[in-house]
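K.L.:
Dumping the structure here so I can ask a few things about it.
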Amino acid sequence: MDPITHTDGQHAAGGSIHPSGAGNQEEQQLLDLEPNTSFSGATGKAAGVDSLAEGHDAPDDAGEELVTKALAYYRDDRVFQAHRLEQRVAREHPAVHAAHAKDLGEVAEVAQEAERLAADLDSEGGAWVCVKDAKKEGDVRVWYRAEEGAELHTLKVDYDMDARLEYVLVLLNEITLLHKWLPFIGGSDLLSHRSRCERIAWVKVRSPAPLMLWHRDVCFYARAFDGLDEDGCVQIVARSVEDGALGVKHPPVTGRT
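Heads up, the sequence shown is in UniProt numbering, so the first residue is 1 and it goes up one at a time.
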């Protein structure tokens, strides 16, 4: 699992979990695209939506079918597959893309966030500074990166976890039990179960010296993405969520108790 924690204003975190085995080849044939296809294709105005040719008023069954498949993939948390189809609709059926701009725009936005995280996890040079390298197989590796215009840094941790994938992923569904397993968690609760792999939760982290330093309450949004057909991973993205965002209110803070 390769977690990456952003300690800027969004306090985002994420990671990818790589099980063994290749992706589903039948899905690749359905999408008619190669694995690890670049996601840099244009959408919206850059794809020619503002210069639609005459004749697109007629029903475009092929384009609508691609939109249906893309949104089905998206609802199934397979956002990379959904994004490839969204880009294909933008290129080949711009009028259909414009008609479904809201839904397809959401697909593109979510997928681009996941792609940025994947690029961060895979990169080691450039602005990343290694502060702890592995001396032997299985050691934890740690990097940090200074973010422009921010006082805080981004941290990245790399560690091979010897555990079955399903045992790790099931923890996403056990948020309410975290305080029973981890002594530094004073409380935890599920605030919103938005979809199969999408949660908003609250966690109280206990301070080691509560008379000097308050406990820390965190409300965060987390979502898992099925990237098994990309590089054999399941990706998890998490970030802090503001009070009232996505229709969820923060629970009251209880201070040092």
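Ideal Cβ placement from N, Cα and C applies to all residues, glycine included.
All of these numbers come straight from a predicted model, not from anything done at the bench.
Report the partner residues of ALA201 according to the DSSP bridge assignment.
P.N.:
BP columns for ALA201 point to LEU190 and PHE220.
K.L.:
Do you know how far the Cα of ALA108 is from the Cα of TRP202?
P.N.:
28 angstroms
K.L.:
Which residue from HIS100, TYR167, ASP162 and ARG216 puts its Cα closest to that of ILE185?
P.N.:
ARG216
K.L.:
Under the DSSP definition of a beta bridge, which residues are partnered with ILE185?
P.N.:
Beta-bridge pairing links ILE185 to VAL205.
K.L.:
Evaluate ARG196 with the Cβ neighbour count: other Cβ atoms within 10 Å of its Cβ, from every protein chain shown; 16 or more gives buried, anything less gives exposed.
P.N.:
exposed
K.L.:
Which stretch, first to last residue, makes up the beta strand (DSSP E) that contains VAL129?
P.N.:
Element bounds for VAL129: 129 to 132.
K.L.:
In or out: TRP143 buried (at least 16 other Cβ within 10 Å) or exposed?
P.N.:
buried
K.L.:
The alpha helix (DSSP H) that contains LEU213, what's its start and end?
P.N.:
Taken as a continuous stretch (DSSP letters only), LEU213 belongs to no alpha helix (DSSP H), as it is neither H nor E.
K.L.:
Within the continuous alpha helix (DSSP H) that includes VAL67, where are the two ends?
P.N.:
VAL67 -> alpha helix (DSSP H) spans 61 to 75.
K.L.:
Counting C-beta neighbours from all protein chains within 10 Å, is the total for LEU211 16 or more, i.e. buried, or is it exposed?
P.N.:
exposed
K.L.:
Measure the alpha-carbon distance for GLU148 versus ALA101 and round it to whole angstroms.
P.N.:
32 angstroms
K.L.:
Can you give me the start and stop residues for the alpha helix (DSSP H) that TYR167 sits inside?
P.N.:
165 to 169
K.L.:
Starting from ALA245 and walking both ways along the alpha helix (DSSP H), at which residues does that stretch end?
P.N.:
No alpha helix (DSSP H) holds ALA245; DSSP gives it neither H nor E.
K.L.:
On the criterion of 16 or more Cβ atoms from any shown chain inside 10 Å, does PRO94 qualify as buried, or is it exposed?
P.N.:
Under this definition PRO94 is a buried residue.
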